[in-house]
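Trainee: Please see the structure below; I have some questions.
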Amino acid sequence: MIHGLKHKEMLALTASIFYGTVMSISFTLFLETHKQTLEKYRGIRIFDIISIIFVSISYLLFMNAEYHISLMLIGFGLLLSILYAPYIFLKIDGDEFSKFFTEVNLSLFFTGITTLILCLGITAIIASIQYLFGIIALNALYFYVWIFGYVFFAPFYLLSLVPKNLRFLSSDEYEHPKFIKFVVNNMLSPLLIVYMFILYIYIIKIIIIWELPKGNLAYIVSWFGAKGTITYLLAYSIREQGNIWLQLVCKYFYHALIIPIILLAVGIWVRIDQYGITEPRYLVMLTTIWLSGSAGYMIISKSKKLEVIPIFLSLLLIIASIGPLSAFNVSAHSQVSRLEVYLKENNILVNNKIKKTEVEINFDEEKEIGSILWYLIKTNKDEYIKEWFLKTDHINIDDDLNVYAMEKTKNIMNDMGLTYIDYYRSVKQRPSSHVSTKGGYSHVAIPLEKYDYLINIGRQNIVSDKWLNEFHIPNTNSLKLDNDVVKIEIIDYITMIITSPKGDEVTFDLAELFSKEWTENIKMSDTNGNFSAEIEVKRANGRLTDKEYKLKFIDFILFVSY
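Residue numbers (the numbering used here): 316 to 877.
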């Protein structure tokens, strides 16, 4: 880890270096194809300058990025530019692009394998030196080995593999790799036909029984479209030499894709109408647009410029990664709008501020409010609703602590007078709401001014509605044979009764432990005659069922005088 950089900034910097590297490769391929000499730039590689600028800009854009999906989308979008960068402003046919697509994929495959072997080898050497000589300081090198491998070594090795003489690809001397011929003819094409056959049987089934397609159908159709597109691009230049499976794919794939695309569009539209847009649904929409555009172009166009397919996808991915139409922004505004409607309808959001409700709202709406809030918090979009809350303590938790998303959601729901309901609960069953309270541990000796004895009870698990335990106080009277016994009883999981050795009782209502947030250990005291008792609670955990608390465990110190 580079000193001084936080995790989020380190991720943004690494991603930005990757973007700049990809841009550098793309510019190199573009300039080499157009035969522009680098000497006239007096040794300065113009595409490297542009790449450095791109790294700087992308780092500034993403160093405060709230969701990592943006990094992934723009990275993949730029990676696709390697496929079409050499052919910008050039007129080529589909066969030539298909051959280049094949060579680039082979180059990427061998680059990945070679870099992996190199990095593993260097890592093994460092580990051996550490083990044999005990040099712990070498731990820091592991990270830089992999950065060196994939950021510096891999790009140059990839460029050495990618064909420089692209016109050679369109000549008769070019021989298609036998490995690719075998895979496309005997593996990819048959599997794609079988996959399509199964998909169409399912389509016929849902038409007959007339029901909405299953939610995961989106991923099935998307996989079918992506796998088919890759197979098509690899197979196009050998379509005349292929077997029957390959010829069927090259001739009918995009026609066969039309009905699954329609089904995909209907399915995602219904779910967006019901539940709004999320990042996964946004990506399904993006896939639908890309497959629709690609299919339409390949069916209608006579020129078959295959580079249009990756260019179109690359543009969509870059649009989806940054700006107002990005997946992050669109999904955030969609879910915030849905939440706003629910809150306003139930008079919880009034004049753009949250107002605690005193009435019980519709079960399904309460469940949906909780689901939306949890999504916004989990994906770091709670900034969009921050201004609604007069009290924002629950919202300003560190972004890296996503583990607290559920706890934050429950706290916000409680602020609004609502109860978080698990999304999978049925309308007939009111859920149990988990409550957990926590104080701090003191390592300082406690002077006893008001009490005679301190008993560190520790953690006690409450396993029944009538829990009883006894604690002995050592006697200081040598004539006394037995120790004094303090009895602690918890009834109905929430009421604590403490009985002195003389039979006097004091009572504590433990529901108070869950009625407010803790800033320190909670103290409760009571007196009955000569018997005085105080409990200092360090931790407590319970469940709320039908508005009644059910204590699971309590961790506390007891002070007594009698």
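No residue lacks a Cβ here, since even glycine has one placed at the ideal position from N, Cα and C.
From the DSSP output, in three-state form, read off residue 807 for me.
Mentor: Here the question's residue 807 lines up with position 492 in the sequence shown. Three-state result, residue 807: coil.
Trainee: Once DSSP output is grouped into helix, strand and coil, what is the label at residue 707?
Mentor: Start at 1 with the first residue of the sequence shown, and residue 707 comes out as number 392. The predicted position of residue 707 is uncertain, since its pLDDT is 48 and thus under 50; no value can be drawn from it.
Trainee: By alpha-carbon positions, which one of 688, 627, 638 ends up nearest to residue 655?
Mentor: On the sequence shown, position 340 is the one that residue 655 refers to. It is 688.
Trainee: Might you give, ordered along the chain, the residues of its own chain that have their beta carbon closer than 8 Å to the beta carbon of residue 583, omitting 5 neighbours on each side?
Mentor: For this step, residue 583 is matched to residue 268 along the sequence shown. So the qualifying residues of the chain are 533, 596, 599, 600, 603.
Trainee: Just to confirm before moving on: does the CB-CB distance between residue 549 and residue 495 stay below 8 Å?
Mentor: Position 234 of the sequence shown holds residue 549. Position 180 of the sequence shown holds residue 495. Yes, the Cβ-Cβ distance between residue 549 and residue 495 is below 8 Å.
Trainee: Return the first residue and the last residue of the alpha helix (DSSP H) that residue 768 is part of.
Mentor: Taking the first residue of the sequence shown as position 1, residue 768 is located at position 453. From DSSP, residue 768 is part of no alpha helix (DSSP H) but of the beta strand (DSSP E) over 768-776.
Trainee: With the cut-off set at 8 Å, would you say residue 810 and residue 825 are in Cβ contact?
Mentor: Locating residue 810 in the sequence shown gives position 495, where the first residue counts as 1. Locating residue 825 in the sequence shown gives position 510, where the first residue counts as 1. In contact: residue 810 and residue 825 (Cβ atoms closer than 8 Å).
Trainee: Could you give the distance in angstroms between the alpha-carbon of residue 536 and the alpha-carbon of residue 586?
Mentor: Taking the sequence shown and counting its residues from 1, one reaches residue 536 at position 221. Taking the sequence shown and counting its residues from 1, one reaches residue 586 at position 271. If I take the Cα positions, the gap works out to 16 Å.
Trainee: Checking the sheet assignment: what are the DSSP bridge partners for residue 847?
Mentor: Working through the sequence shown from its first residue, we reach residue 847 at position 532. 842, 876, per the DSSP bridge assignment.
Trainee: Strictly by DSSP, which residues pair up with residue 783?
Mentor: Stepping through the sequence shown from its first residue, residue 783 is reached at position 468. DSSP, once it has assigned bridges, lists 804 as partnering residue 783.
Trainee: Residues in the same chain with beta-carbon distance under 7 Å from residue 431, minus the five sequence neighbours each way, listed in chain order, please.
Mentor: If you number the sequence shown from 1, residue 431 lands on position 116. None.
Trainee: Near residue 281, which residues of its chain fall below 7 Å by C-beta distance, leaving aside the five closest residues on each side in sequence?
Mentor: This structure cannot speak to residue 281, because the chain is shown only from 316 to 877.
Trainee: In terms of residue numbering, what span does the alpha helix (DSSP H) encompassing residue 623 cover?
Mentor: As a working mapping, residue 623 is identified with position 308 in the sequence shown. Unbroken alpha helix (DSSP H) run through residue 623: 623-636.
Trainee: Suppose you measure from the CA of residue 502 to the CA of residue 539; what does that come to, to the nearest Å?
Mentor: For the purposes of this step, residue 502 is taken as residue 187 along the sequence shown, with counting starting at 1. For the purposes of this step, residue 539 is taken as residue 224 along the sequence shown, with counting starting at 1. So the two alpha carbons sit approximately 15 Å from each other.
Trainee: Are the CB atoms of residue 641 and residue 413 within a distance shorter than 8 Å?
Mentor: Locating residue 413 in the sequence shown gives position 98, where the first residue counts as 1. Locating residue 641 in the sequence shown gives position 326, where the first residue counts as 1. No, the pair does not count as a contact, with Cβ atoms beyond the cut-off.
Trainee: Have a look at residue 717 and residue 693 and give me their C-alpha separation to the nearest angstrom.
Mentor: Stepping through the sequence shown from its first residue, residue 717 is reached at position 402. Stepping through the sequence shown from its first residue, residue 693 is reached at position 378. Confidence in residue 717 is poor, its pLDDT being 42 and thus under 50, which makes the residue's placement unreliable; the coordinate value appears in the next sentence. Roughly 6 Å between the two C-alpha positions.
Trainee: Could you tell me which of 424, 669, 778, 437 sits nearest to residue 730, measuring between CA atoms?
Mentor: By 1-based counting over the sequence shown, the position of residue 730 is 415. The shortest Cα separation from residue 730 among 424, 669, 778, 437 belongs to 669.
Trainee: Can you determine whether any heavy atom of the ligand NAP sits closer than 7 Å to the C-beta of residue 843, and answer yes or no?
Mentor: Absence of the ligand NAP is noted for the structure shown, with no ligands found whatsoever.
Trainee: Between the region 621-635 and the region 406-421, are three or more C-beta pairs nearer than 8 Å?
Mentor: Yes, since at least three Cβ pairs between the region 621-635 and the region 406-421 fall closer than 8 Å, the two stretches touch.
Trainee: Between which two residues does the beta strand (DSSP E) carrying residue 822 extend?
Mentor: As a first step, residue 822 must be located in the sequence shown, where it is residue number 507. Run containing residue 822: 820-824, per the beta strand (DSSP E) assignment.
Trainee: Per DSSP, what are the beta-bridge partners of residue 665 in this structure?
Mentor: On the sequence shown, residue 665 is found 350 positions in, with the first residue counted as 1. Per DSSP, 668.
Trainee: Any idea if residue 296 is buried or exposed, counting beta-carbon neighbours within 10 angstroms, 16 or more meaning buried?
Mentor: Residue 296 is absent from the model: the chain starts at 316 and stops at 877.
Trainee: Just the C-alpha distance for residue 568 and residue 560, rounded to the nearest angstrom, thanks.
Mentor: Your numbering for residue 568 matches position 253 in the sequence shown. Your numbering for residue 560 matches position 245 in the sequence shown. So the two alpha carbons sit approximately 11 Å from each other.
Trainee: On the DSSP bridge list, what partners appear for residue 871?
Mentor: Within the sequence shown, numbered from 1, the residue matching residue 871 stands at position 556. According to DSSP, which records beta bridges pairwise, residue 871 is partnered with 773, 852.
Trainee: In whole angstroms, give me the CA-to-CA distance for residue 802 and residue 780.
Mentor: Stepping through the sequence shown from its first residue, residue 802 is reached at position 487. Stepping through the sequence shown from its first residue, residue 780 is reached at position 465. Their backbone Cα atoms lie some 16 Å apart in a straight line.
Trainee: May I ask you to report which of helix, strand or coil DSSP gives residue 814?
Mentor: To locate residue 814, count along the sequence shown from 1; it is residue 499. Strand, per DSSP.
Trainee: For the region 505-563, list the alpha helix (DSSP H) runs that are entirely contained and at least 4 residues long, ordered along the chain.
Mentor: Listed in chain order, the complete alpha helix (DSSP H) runs (minimum 4 residues) inside the region 505-563 are 532-550.
Trainee: Give me, in chain order, the residues of the same chain whose beta-carbon lies closer than 6 Å to that of residue 822; leave out the 5 immediate sequence neighbours on both sides.
Mentor: The sequence position of residue 822 within the sequence shown is 507, counting from 1. If we look at residue 822 and ignore the five residues flanking it on each side, its Cβ neighbours are 812.
Trainee: How should residue 857 be labelled, buried or exposed, when 16 other C-beta atoms within 10 angstroms of its C-beta is the threshold for buried?
Mentor: By 1-based counting over the sequence shown, the position of residue 857 is 542. Buried, since its Cβ has 16 or more Cβ neighbours within 10 Å.
Trainee: Per DSSP, residue 788 forms a beta bridge with which residues?
Mentor: On the sequence shown, position 473 is the one that residue 788 refers to. 799.
Trainee: What does DSSP give as the partner residue(s) for residue 837 in the beta ladder?
Mentor: Residue mapping note: residue 837 aligns to position 522 of the sequence shown, counting from 1. DSSP, once it has assigned bridges, lists 852 as partnering residue 837.
Trainee: Please list, in chain order, all residues of the same chain as residue 573 whose beta carbon is under 7 Å from its beta carbon, the five residues on each side excluded.
Mentor: The residue labelled residue 573 in the question sits at position 258 within the sequence shown. Only 610 meet the Cβ criterion.
Trainee: Shortest alpha-carbon distance to residue 336 belongs to which of 397, 387, 388?
Mentor: Sequence index remark: in the sequence shown, residue 336 carries index 21 (1-based). The shortest C-alpha separation from residue 336 is found at 397.
Trainee: With DSSP as the reference, label residue 735 as helix, strand or coil.
Mentor: In the sequence shown, residue 735 corresponds to position 420, counting from 1. The answer is coil: DSSP assigns residue 735 none of H, G, I, E or B.
Trainee: So is residue 846 buried or exposed if we call it buried at 16+ other beta carbons inside 10 Å?
Mentor: If you number the sequence shown from 1, residue 846 lands on position 531. By the 10 Å Cβ count, residue 846 comes out buried.
Trainee: Taking the alpha carbon of residue 522 as the point to measure from, which residue in 578, 438, 686 has its own alpha carbon closest?
Mentor: Taking the first residue of the sequence shown as 1, we reach residue 522 at position 207. For residue 522, the nearest C-alpha among the options comes from 578.
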